[in-house]
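For this note's numbering, count along the sequence shown from 1 and bump the result up by 7.
Here the structure is laid out as structure tokens; the discussion comes afterwards.
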Amino acid sequence: MRGNECVVSLTEELSKNWPESFLQAFLDPPSGNVVVVFDAEKCSREGNLLAYMNRMLMDHLVLKEFGLRRDAHKWGFIDKGTSCVFFCFVAPWGKYRPTAPLEWLSRVERGRKGQGMNVRSQKENAG
8 MRGNECVVSL TEELSKNWPE SFLQAFLDPP SGNVVVVFDA EKCSREGNLL AYMNRMLMDH
68 LVLKEFGLRR DAHKWGFIDK GTSCVFFCFV APWGKYRPTA PLEWLSRVER GRKGQGMNVR
128 SQKENAG
């Protein structure tokens, strides 16, 4: 499935570029869209996350390969309770959902990158 391949590719890329703050990437089950999650406190020490994500939209090969575009309503959503930052990509295979961020909180486990589904298990699911 293209969605799983996309999650694996984004996980590898974001883990490399944001080693301390990237937590996970996942498919939003009801919509099929791609969500990436960062630790807001840690990313402030690593760089300007919003600028990175906005620049990524313009020229990143993974986004072009999978035809991802940003969901402006769920772009940079910060949950103060968990200190997580969410970015949602609308995928060609997905559908638009006007609400979702609160549902995503149950998917996020605090800790290092790839929580819930690590890079190895994402590769296995994609293959």
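Think of the CB as a built atom: it goes at the ideal place given N, C-alpha and C, for glycine as much as any other residue.
In the DSSP assignment, lysine 87 falls outside any alpha helix (DSSP H), carrying neither H nor E.
Judged by DSSP in its simplified three-state form, alanine 58 adopts helix. DSSP places lysine 102 in the coil class of the three-state scheme, outside both helix and strand.
In terms of Cβ geometry, serine 38 and glycine 101 form a close pair [threshold 8 angstroms]. Around the beta carbon of serine 16, a 10 Å sphere encloses 16 or more other beta carbons of the protein chains shown; the residue is thus reported as buried.
If one requires a minimum length of 3 residues, the beta strand (DSSP E) runs lying completely within the stretch 10–85 are 29–34 and 41–46, in chain order.
Excluding sequence positions up to five before and after aspartate 78, its CB lies within less than 8 angstroms of the CB of Asn40, Cys95, Phe96, Val97 and Tyr103, all in the same chain and listed in chain order.
In this structure, the CA atom of histidine 80 is about 18 angstroms from the CA atom of glycine 74.
The beta-carbon distance between leucine 57 and glycine 83, rounded to whole angstroms, is 6 angstroms. This is short enough to meet the 8 angstroms contact definition.
In chain order, Leu30, Gln31, Cys91, Phe93 and Val115 place their CB closer than 6 angstroms to the CB of valine 44, counting only its own chain and leaving out the 5 sequence neighbours on each side.
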